[in-house]
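Using numbering that gives the first Met the number 0, you'd call the opening residue of the sequence shown number 0 and step up by one each time.
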Amino acid sequence: MTTPIITAHLGNPDARTMTGYQALGGYQSLRKALKMQRKDIVAEVKTSNLRGRGGAGFPTGIKWGFISPDATDVVLVCNADESEPGTCKDRELIYWMPHQLIEGCLITAYALKAEKVFIYIRGEMMREYKVLMQAVQEATQAGFIGDNVLGSDTKIDLIVHRGAGAYICGEETALLNSIEGRRGEPRIKPPFPAVVGVFQKPTVVNNTETLSNIPHIIEHGGQWFADLGTERSGGLRIVCVSGHVNKPGIYEIPMTMTFRELIEDTCDGVWKNNQIKAVIPGGSSMPPLDVSELDVPIEFDALMSDERIKPVEVKPGVPFDLGGGRKLRTMAGSGGIVVMDHTTDVVSVCSRIIDFYHHESCGQCTPCREGTGWLSKVGKRLARGEGKPGDVDLLSTIAQGIAGNTICALGDAAAWPVLGFITKFREDFENKINNQPKRVS
Ligand SMILES: Cc1cc2nc3c(=O)[nH]c(=O)nc-3n(C[C@H](O)[C@H](O)[C@H](O)COP(=O)(O)O)c2cc1C
Ligand code: SF4
């Protein structure tokens, strides 16, 4: 059994308070970090192989390295928007361990020479917001936040900013616009946030889980964290398992654990002893796995094809080439794993996912704004059993027209699951058309 790192004290209300957190050794890593050279902290995080837990798995130390050493007015933004369907880990980290996150933010801010930190929290998470505000107040009173952090000449302000319930504001540049008081619309990149971020300042955006790991990396060293993981992915990761399993929940697991081990051992198997039909591996934007693909580790590289998901390779009527070996052409994403048993109507699931992205499209780019609407229309009639011959290829063609052709990855997030569901479960889609009751008069 793996010893959890950042979830070790979830469920313990004492760990939520300043006194309780410090009794567990909390804020010792901040004290240690303030005595270190900034570049050495960045080097430890690079050594740790920590990869961003917001969805893309980008190496955190490398991202920090994009901030020029000469940069001034650097800003750190913690992404706590957490709106990807199937994902519910960041809110638990905030609710039970707010000081762990604050400590991670303060160490990161010090390493990047950032005097301002924003924690952008999803508007609906009122319970977590209240806990976080209480913790920020305690940390300010204790001298961890403010003009002279722990009596040093380091200044760090921390502002908690509530979102207003738009999924797109989780996309980092839409989030920056939202902090600025603008519409939550993604920006065209480049320039990247490290160069022109919030209020035109160099900015690093990191996920809540990513930053919660930082105090532990500083306490035990980057190599310790790297050794817990695989060659290119350090540490453990949190997965949120929902759907047809006996023990759904949030688990902090080793990167080497396979989907089958997670479902059968950790989650006590599929309910009612049913068979598995499909598994969404990391939030609803990720193409699903079928039952033959569950022996792959829940790790960033193991799930990805070398060439990522190339829409050009998906031709109407031609099966989506999944690549060889264990490269499954999907992604580990945000850790939201949804297990569906053999009774699941995957066409309806696909249609429901499309509707979410259609609803959340900010409307800036035509392929996403119009394409998700078309996907929704065709997906719905297929799900209702009213599909027309050629609808499956039509869905695939529309999805290909969206993927890779938009300002932000929401377009891909809408297109990829469609392509994935059609590839793995084409027969289910075709059956919905072919098994329609014939008109008798
Ligand atoms: C449409 C969309 C929604 C996103 N939502 C979130 C989110 O809710 N939380 C999050 O951490 N990252 C989200 N991301 C990813 C962020 O843009 C960004 O990559 C991430 O916060 C970086 O943190 P990391 O490097 O620690 O993973 C989203 C991306 C897209 C395209
Ligand atoms: S891809 Fe969709 S959500 Fe992203 S910027 Fe374009 S219209 Fe907006």
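We put the beta carbon where it would ideally sit given N, CA and C, even for glycine.
Secondary structure of Val195, DSSP reduced to three states = Within the sequence shown, the letter at position 196 stands for residue 195. DSSP places Val195 outside both helix and strand once states are collapsed to three, so it counts as coil.
Range covered by the alpha helix (DSSP H) that runs through Pro97 | For the purposes of this step, residue 97 is taken as the residue at position 98 of the sequence shown. Note, Pro97: alpha helix (DSSP H), 97-111.
What are the uninterrupted segments assigned as alpha helix (DSSP H) that are 4 or more residues long and contained completely in the stretch 319-370, given in chain order?
-> Runs found: 345-359.
Inspect the beta-carbon positions of Met132 and Arg90 and report whether they are closer than 8 Å.
-> Here residue 132 corresponds to residue number 133 of the sequence shown, with the count starting at 1. Here residue 90 corresponds to residue number 91 of the sequence shown, with the count starting at 1. No, the Cβ-Cβ distance between Met132 and Arg90 is not below 8 Å.
By Cβ distance, which residues of its chain are closer than 7 Å to Thr86, with the 5 residues on each side in sequence left out?
-> The residue you call residue 86 lines up with position 87 of the sequence shown. Only Cys239, Gly282, Ser333, Gly334, Gly335 meet the Cβ criterion.
Counting Cβ pairs, one atom from each stretch, are 3 or more of them under 8 Å apart for the stretch 293-301 and the stretch 201-213?
-> no
Note down, one range per segment and in chain order, each alpha helix (DSSP H) of at least 4 residues found wholly within the stretch 62-101.
-> Every alpha helix (DSSP H) of 4 residues or more that sits fully in the stretch 62-101 is shown, in chain order, as 89-95.
Go ahead and label Phe258 buried or exposed: buried means 16 or more other beta carbons lie within 10 angstroms of its beta carbon, across all protein chains shown.
-> Taking the sequence shown and counting its residues from 1, the one referred to as residue 258 is at position 259. So Phe258 counts as buried.
Do the CB positions of Ile353 and Ala412 come within less than 8 Å of each other?
-> In the sequence shown, the residue the question calls residue 353 occupies position 354. In the sequence shown, the residue the question calls residue 412 occupies position 413. No, the pair does not count as a contact, with Cβ atoms beyond the cut-off.
Heavy atom of ligand 1 within 7 Å of Glu83 beta-carbon | Position 84 of the sequence shown, counted from the first residue, corresponds to residue 83. Because some heavy atom of ligand 1 lies under 7 Å away, the Cβ of Glu83 counts as near it: yes.
Once you ignore the five residues that flank Gly370 on each side, which residues in its own chain have a CB closer than 7 Å to its CB?
-> Here residue 370 corresponds to residue number 371 of the sequence shown, with the count starting at 1. For Gly370, where only same-chain residues beyond five positions count, the Cβ hits under 7 Å are Ile397, Gly400, Ile401.
Thinking C-alpha only, which one of Glu184, Pro416, Gly268 is nearest Ser347?
-> The count along the sequence shown starts at 1 and reaches residue 347 at position 348. Distance check between Ser347 and each of Glu184, Pro416, Gly268 places Pro416 closest, using alpha-carbon atoms only.
So is the beta-carbon of Gln363 under 7 Å away from any non-hydrogen atom of ligand 2?
-> As a position in the sequence shown, residue 363 is number 364, starting the count at 1. Within the cutoff, so yes.
Of the residues Leu394, Ile406, Tyr26, Thr405, which one's Cα is nearest the Cα of Phe428?
-> Here the question's residue 428 lines up with position 429 in the sequence shown. Answer by Cα proximity: Leu394.
Within its chain, find whatever has a CB closer than 8 Å to the CB of Leu23; leave out the 5 residues flanking it on each side and keep chain order.
-> To locate residue 23, count along the sequence shown from 1; it is residue 24. For Leu23, where only same-chain residues beyond five positions count, the Cβ hits under 8 Å are His8, Ala14.
State buried or exposed for Glu179, treating a residue as buried only when at least 16 other CB atoms are found within 10 Å of its CB.
-> Here residue 179 refers to the residue found at position 180 of the sequence shown. Flag for Glu179 reads exposed.
Which of helix, strand or coil DSSP assigns to Thr6 | Counted from its first residue, the sequence shown places residue 6 at position 7. In the structure shown, Thr6 falls within a coil segment according to DSSP collapsed to helix, strand and coil.
Would you say Asn433 faces chain D, with C-beta separation under 8 Å as the test?
-> Going by chain labels, chain D is absent from the structure shown, which holds only one protein chain.
Given Thr422 as reference, the closest of Asp392, Ile406, Lys431 once Cα atoms are compared = In the sequence shown, residue 422 corresponds to position 423, counting from 1. Cα-wise, what sits closest to Thr422 is Asp392.
Proximity test, Cys407 beta-carbon vs ligand 2 heavy atom, cut-off 7 Å = One-based indexing of the sequence shown puts residue 407 at position 408. Yes, ligand 2 has a heavy atom inside 7 Å of this Cβ.
Assigned exposure category for Glu230 - 16 Cβ within 10 Å defines buried = If you number the sequence shown from 1, residue 230 lands on position 231. For Glu230, the number of other beta carbons within 10 angstroms of its own is below 16, and it is reported as exposed.
Closer than 7 Å: is that where the CB of Cys367 sits relative to any heavy atom of ligand 2?
-> Counting from one through the sequence shown, the residue named residue 367 turns up at place 368. Correct: Cys367 has its Cβ closer than 7 Å to ligand 2.
Under the three-state reduction of DSSP, which class applies to Ser283: helix, strand or coil?
-> Along the sequence shown, read from residue 1 onward, the residue named residue 283 stands at position 284. Ser283: coil per DSSP, three-state reduction.
Should Val76 and Ile216 be called a contact, given that it needs their Cβ atoms to be closer than 8 Å?
-> Counted from its first residue, the sequence shown places residue 76 at position 77. Counted from its first residue, the sequence shown places residue 216 at position 217. No, they are not a contact pair.
Pick out whichever of Lys31, Asp39, Glu83 has its Cα sitting closest to the Cα of Trp63.
-> Along the sequence shown, read from residue 1 onward, the residue named residue 63 stands at position 64. Measuring from the Cα of Trp63, the nearest candidate turns out to be Asp39.
With respect to the alpha helix (DSSP H) encompassing Glu43, which residues constitute its N-terminal and C-terminal limits?
-> Walking along the sequence shown from the start, residue 43 turns up at place 44. Glu43 -> alpha helix (DSSP H) spans 37-47.
Should Glu184 go down as buried or exposed, given a rule of 16 or more other Cβ atoms within 10 Å for buried?
-> Start at 1 with the first residue of the sequence shown, and residue 184 comes out as number 185. Glu184 is buried by the Cβ-count criterion.
In whole angstroms, what separates the C-alpha of Ile61 from that of Phe224?
-> Position 62 of the sequence shown, counted from the start, is the residue given in the question as residue 61. Position 225 of the sequence shown, counted from the start, is the residue given in the question as residue 224. Spanning the two alpha carbons is a distance of roughly 16 Å.
Provide the residue span of the alpha helix (DSSP H) that contains Pro214, from first to last.
-> In the sequence shown, the residue the question calls residue 214 occupies position 215. Note, Pro214: alpha helix (DSSP H), 213-219.
Roughly how many angstroms lie between the CA atoms of Cys104 and Arg368, to the nearest whole one?
-> The residue labelled residue 104 in the question sits at position 105 within the sequence shown. The residue labelled residue 368 in the question sits at position 369 within the sequence shown. Each residue's alpha carbon lies about 35 Å from the other.
Residues sharing a beta bridge with Asp156, DSSP | Numbered from 1 along the sequence shown, position 157 holds the residue referred to as residue 156. Asp156 pairs with Lys115.
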